[in-house]
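Okay, so here's the structure we're looking at.
Numbering (the working numbering), first residue to last: 70 to 362.
Printed below as a string of structure tokens:
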């Protein structure tokens, strides 16, 4: 038998829920900062339309949480409960089909998904210790914001996201898949896709336009595959600086100031079967990485 309870406040509904419960939020504005600490609950807009169902803020600190169909005014946070000087891990969370007006930040959140959201004036930040776990960020529209991934997860997939006035930055990890994203007018220091101290990753089938540096592999970024990307109307299409052993294959690089730029100590890179056309300079080699930042 299904039991239905009605609450005036969203936090009250969460506090009275049990594992496996669905909480349907009726249209309106809920001026609350909602803390989710009960595992395996879903909070869904009744209308499935985030434009008519708004909540001021969410803090997710429990496993198996789903938040869908809401407009959230402040930055949505996912991390476990605080234990002395750090936060516990959480996992299997899903954030989808929302309007996130100040983006989303995760810390030690594993095996989770951020998908089909509209994110304004901020972006997505994923951080945690290097670990062998999954995280998927897919099909989001990000306007004036970035996707930042730091210290893992090793199997992080960034798939089919559109970033307008933003960029993708990956640091201190390996085994990423960056696939099918569209990045324009990069606001992340002018970079479209930026790698630092990150290795053994795939950067494939992305389109980067109107950025200072389209794809930038720097500072000990080794053994990455840059394959079948399209780089158009950037200052520099692909830049490799202080990194080696990367494969740059089958990319379309056109209408940039410099098509491919190799800087400093960057040996052992393979550059094969790229279409490099209508650039002011096709391939260039420079000694000083400092001038590229």
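Beta carbons: idealized from backbone N, C-alpha and C, even for Gly.
Worksheet item: Under 8 Å between the Cβ atoms of residue 262 and residue 288?
Response: No, the Cβ-Cβ distance between residue 262 and residue 288 is not below 8 Å.
Worksheet item: Thinking C-beta only, is residue 271 closer than 8 Å to residue 247?
Response: In this structure, residue 271 lies closer than 8 Å to residue 247 by Cβ.
Worksheet item: Alpha carbon to alpha carbon, what distance is there between residue 151 and residue 218?
Response: Distance between the alpha carbons of residue 218 and residue 151: 21 Å.
Worksheet item: By how many angstroms is the C-alpha of residue 86 removed from the C-alpha of residue 254?
Response: Approximately 44 Å, taken between the alpha carbons.
Discussion item. Given this structure, state the Cα-to-Cα distance separating residue 301 from residue 332, to the nearest angstrom.
Written reply: Cα to Cα, residue 301 sits roughly 20 Å from residue 332.
Worksheet entry | Burial state of residue 70 (16 or more Cβ within 10 Å) | No answer about residue 70 holds up, because its pLDDT of 45 lies below 50 and its placement is not dependable.
Worksheet item: What's the C-alpha gap between residue 110 and residue 135?
Response: Just so you know, the alpha carbons of residue 110 and residue 135 end up roughly 7 Å apart.
Discussion item. Once the 5 residues before and after residue 337 are set aside, which same chain residues still bring their CB inside 7 Å of it?
Written reply: Scanning its chain for C-beta atoms nearer than 7 Å, with the 5 sequence neighbours on each side dropped, one finds around residue 337 the residues 313, 314, in chain order.
Discussion item. Given the structure, does residue 296 come close to the ligand GTP, in the sense that its CB is under 7 Å from one of the ligand's heavy atoms?
Written reply: This structure lacks the ligand GTP, and indeed carries no ligand of any kind.
Practice prompt. Determine, using beta carbons only, whether residue 161 and residue 138 come nearer to each other than 8 Å.
Written response: Result no, Cβ atoms of residue 161 and residue 138 do not sit closer than 8 Å.
Worksheet item: Alpha carbon to alpha carbon, what distance is there between residue 226 and residue 341?
Response: Whole-angstrom Cα-Cα distance: 25 Å.
Practice prompt. Taking only the alpha-carbon atoms, compute the straight-line gap between residue 316 and residue 209 and give it to the nearest angstrom.
Written response: Roughly 28 Å separates the two Cα atoms.
Fill in: Whole-angstrom distance between residue 97 and residue 147, CA atom to CA atom
Roughly 24 Å between the two C-alpha positions.
Worksheet entry | Residue of 179, 144, 215 minimising C-alpha distance to residue 156 | Here the closest residue by C-alpha is 179.
Worksheet item: Per DSSP, what kind of secondary structure is residue 215 in: helix, strand or coil?
Response: If DSSP states are grouped into helix, strand and coil, residue 215 belongs with coil.
Worksheet item: Where in the stretch 122-201 do unbroken runs of the beta strand (DSSP E), each at least 3 residues long, occur, reported from the N-terminal end onward?
Response: Segments of the beta strand (DSSP E) lying fully in the stretch 122-201: 122-129, 135-137, 145-148, 163-165, 173-176, 181-184, 187-189, 193-196.
Worksheet entry | Identity of the residue in 76, 320, 228, 187 nearest residue 214 by Cα | For residue 214, the nearest C-alpha among the options comes from 187.
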